[in-house]
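Those protein sequence lines, which keep their order, are chains L and W.
Under the UniProt record's numbering, the first residue of the first sequence is numbered 1, with each subsequent residue one higher.
Under the UniProt record's numbering, the first residue of the second sequence is numbered 1, with each subsequent residue one higher.
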Amino acid sequence: MTTTTLAVLVPLLPFLGAAAGLLLGRTAPGFVRPLAILPTLASLVLAAVVALRQGGDQPINAATELTPTGSVPIELALYIDGFAALVAVLVGVVATCVQIYSTGYLREDPRYPSYAALVSLFTSAMLLVVYSGDLMVLLVGWEIMGICSYFLVGHYWETPEARAASIKAFLVTKLGDVPFLIGLFALATDAGSFRITKVLGTVASGGLDHPTLIALLLLAGVAGKSAQFPLHTWLPDAMAGPTPVSALIHAATMVAAGVYFVARLLPVFEASQAAMIVLAVMAAVTMIGSGLAALAQDDIKRVLAYSTIGQLGYMTGALAVADRGAAVFHLLSHGAFKALLFLAAGVIIHAAGTNSLAAMSRMKDLRARVPDAYWTMTVALLALAAIPPFSGFFSKESVLGAAEHVATGHAERVPGAAGWVVLGAGLLTALLTAAYAMRLWLLAFRGRGAEAPDHGRQPLTMTVVLWVLAAPSLAVGALAYRVLPDWFDGRDLAPTLTTSVLGTGVALVGGIVTYAAWRHTAAVAARVPLGAVAAHPEGDAAQVEAEAIASHAPVYGGVAYAPDPADPGRLLLGPLHRHAAVGFHLDAVYRALFVRPVQGGASLVRFLDREVVDTYVRGAGALPRWLGIAVRRAQTGNVQTYVSALLAGTVVLAVAAVLVATGA
Amino acid sequence: MHLAYPAVLSALLFCTGLYGVLARRNAILVLMSVELMLNAVNLNLVAFDVWLSRTAEETLHSGQALTLFTITIAAAEIGIGLAIVLAVYRNRGTSDIDRLRDTAESHDADGPDRDASTAPPAEKAEATA
């Protein structure tokens, strides 16, 4: 088969798997698990074959016109360069791991068939986004991901948190998608085509009339999808979904789509200096804010969610300094270790029966209960904190190196200010990242107090994928930074000495300071009992997690917060902790700015409908009703009355007829 | 005989019948009054048939034929009518048509949606007893 055929099959197979899974889910439950795993696995193999055949050479470019539109044509187009090929492999790896893990995680879940089908559809949509060479087709995948994330985040719809989170995820990303759509139209109008190759050609020849406007409109959609400030608020709340879904959304699909989109259309953004500055500031605010917020979260998955936002900040930072190689490098390594972190967190939540770090810090020997999760999570956290030689170190250093390169004035097309902003924020975030990674590790695995509950071994499907993902987190960075430039723009991704020393130094400082704070506060932990565990610890992991999410707010007073005086984050952040725990009150601001006015408008409309419109309707009905009442009075039931009326009528008619006949 | 005599007689008969239908309470008497009205019409038919056939050269005496029809139908009608009255009397113990008001609109029902349950349950039970 030709490479093009294989590439078409890559997004198509999970889609067919999803369709078959939805159709057969009820009638043939035995087929659900193979239908979930095999198409995804097959598309991973095909994506790897496509990547090998493409090999970072000339992009594969194929197109067929979908429908004549009269103006700008929409084409089913493939455009596979080195970025697309490698990102598709990452998507395949993470999606396959997630599907395998889900068979254990949602072992007893009655809604597993639809869940697995939606995960397949999600994967297929992301692969479509990755391979598509046409912006409209890309948008289709982009929106399918939005609706899939809505369904999957709301998988535990019995809990109010999950319902609210799924609606929020959908609405906030849509808030970005509307400007995104307008931006795409504006871009296509200027370029005369939705094809990425033609758009890039137009940009290269300077044919773009409104580069700043288009770039900013597109950035809104990217900020919504990739959870960048100020549209990031859906991501921490999306933790109310099942852990494998969080892993899928955070590592490879949804949030990666935004970064990948900018990477693909980077010349469009480069055409506008203002857009690059906005991108840099957005990245900086996102990085630092999410780092501080992550340090204050109590829910283990919310810590990881804020860390995702921060790492995405690094990627947008790399894009702001026009180095998409570094951005996609970080996207790849982050995808591996963040998927690992989430899947390991799922195992930990199952074993501990709670998602609260405060409760875990009061359990002795939790690490002995989940040795696989302990070791792999340690690897992933070291990668997250960018400690050499783990993969996160190399990708993060390539971002910082690119920022330094720009800041010192070695790049012509990018403003130096963007470089300084990204470099400063990146170094500060490296410190924060190491601090919250250390805090998470210490609280989860170095707890003191009562023995951790023992529910036996975790399912094999859940532990094996952790080791599968641990390998790239451990090793891929060192191997990849020499090879990847051939696949990407050819720009060097090797870490530079200055930023490596600086970055590793601040990371070590962050880790050591957190450790010191933890030593200081750990003594308090034993004195303050805290925490609750799931009501059905013997159930499957999904049930335990749903119960943990549902009970967090009633037990600790908030989804993100726990009144734990022994938390090292509280000591480190000081008075800032209170604000960081609630995401710097951004939700409250949105509530005041958007939710309240909309609710006010809705109640006004309701009043108008109920009281004004309905009054007219009721009034229109009143006259016939009164007439009816009057006529009904004649209905006495006495036949003689009726006959009398008949007689009277006859007489009147006869008289009238006579009068007419005589002409009177 | 002048046409006026039978015409006046039939008018008197008809008015008597009409009065009976409108004013009598007993259902049997109402039926008898209906018969009076029918016979008034019969009388008219016969009288006018005779009056018309006097001038015509050939006639089919359709008025008199129609009278025969009416008499036949009236016989059937009174048979059925009396049977109904008898059945009602056996059920209700009365043949007073003032008290046979099952089809009356009850006065407490205001809304159009309450039409279905207009007849009070007691009366219904009585009707089906």
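All residues carry an ideal CB built from backbone N, CA and C; glycine is no exception.
If you ignore the 5 residues before and after G183(L), its C-beta comes within less than 6 Å of the C-beta of I214, L217 and L218, all in its own chain and listed in chain order. Contact of V582(L) with chain W by beta-carbon distance below 9 Å is absent, the smallest such distance being about 53 Å. The beta carbon of N355(L) sits no closer than 8 Å to any beta carbon of chain W. In the structure shown, the three-state DSSP call for R606(L) is helix. With fewer than 16 other Cβ atoms from the protein chains shown falling within 10 Å of its own Cβ, P597(L) counts as exposed.
Taking a contact as a CB-CB distance under 8 Å, the pair I80(L) and P59(L) counts as one, their CB atoms being some 6 Å apart.
Around Y101(L), the same chain offers P244, L343, T461, M462 and V465 as residues with beta carbons nearer than 7 Å, after the five sequence neighbours per side are excluded. In the DSSP assignment, I60(L) falls outside any alpha helix (DSSP H) and within the unbroken beta strand (DSSP E) covering I60 to T67. Between A542(L) and P110(L) the beta-carbon gap is near 10 Å, outside 8 Å, which marks them as no contact. Per the coordinates, the alpha-carbon of T173(L) lies some 33 Å from the alpha-carbon of D567(L). Across the set R610(L), G637(L), L627(L) and A95(L), the C-alpha of A95(L) shows the shortest separation from the C-alpha of K338(L). Annotated three-state conformation of Y79(L) is strand, per DSSP. The Cβ atoms of Y131(L) and A7(L) sit closer than 8 Å to each other. Proximity of D96(W) to chain L, defined by a Cβ-Cβ separation below 8 Å, is not satisfied. Considering only D190(L), K168(L) and P371(L), the residue with the shortest C-alpha distance to T212(L) is D190(L).
Going by DSSP, T103(W) is part of no alpha helix (DSSP H) at all; its letter is neither H nor E. Taking C-beta atoms as the reference points, P495(L) and I277(L) fail to come closer than 8 Å.
The DSSP-derived three-state label of I387(L) is coil. Looking at the DSSP output, M363(L) sits in a beta bridge with A450(L).
Residue range P160 to A191 is occupied by the alpha helix (DSSP H) that includes F170(L). Proximity of chain W to R618(L) at the Cβ level (cut-off 9 Å) is not reached, the minimal Cβ distance being about 12 Å. Counting every other CB atom within 10 Å of its CB across the protein chains shown gives A480(L) a total of 16 or more, marking it as buried. With a 10 Å radius around the Cβ and a threshold of 16 neighbouring Cβ atoms, H2(W) comes out exposed. Here the stretch 387-397 of chain L does not lie against the stretch 358-369 of chain L, with fewer than 3 beta-carbon pairs under 8 Å apart. Under the three-state reduction of DSSP output, S95(W) falls in the coil class, being neither helix nor strand. Residue range A27 to T55 is occupied by the alpha helix (DSSP H) that includes N44(W).
Counting of Cβ neighbours within 10 angstroms places W487(L) among the buried residues, the total reaching 16 or more. Fewer than three beta-carbon pairs drawn from the stretch 499-510 of chain L and the stretch 111-121 of chain L are found closer than 8 Å, and the two stretches are therefore not classed as touching. Uninterrupted alpha helix (DSSP H) stretches at least 4 residues long and entirely within the stretch 298-329 of chain L occur at 300-320, given in chain order. Residues of the stretch 620-642 of chain L with a C-beta less than 7 Å from any C-beta of chain W: R625, G628, I629, R632, Q635, T636, G637, N638, V639 and Q640, listed in chain order. With a threshold of 8 Å between beta carbons, S644(L) makes contact with chain W. In the displayed model, D564(L) falls within coil according to three-state DSSP, outside both helix and strand. DSSP assignment within the stretch 211-281 of chain L yields the following whole alpha helix (DSSP H) runs of 4 residues or more, N-terminal first: 211-225, 234-237, 243-251, 254-264 and 266-270.
At the C-beta level, S398(L) and A352(L) stay beyond 8 Å of one another.
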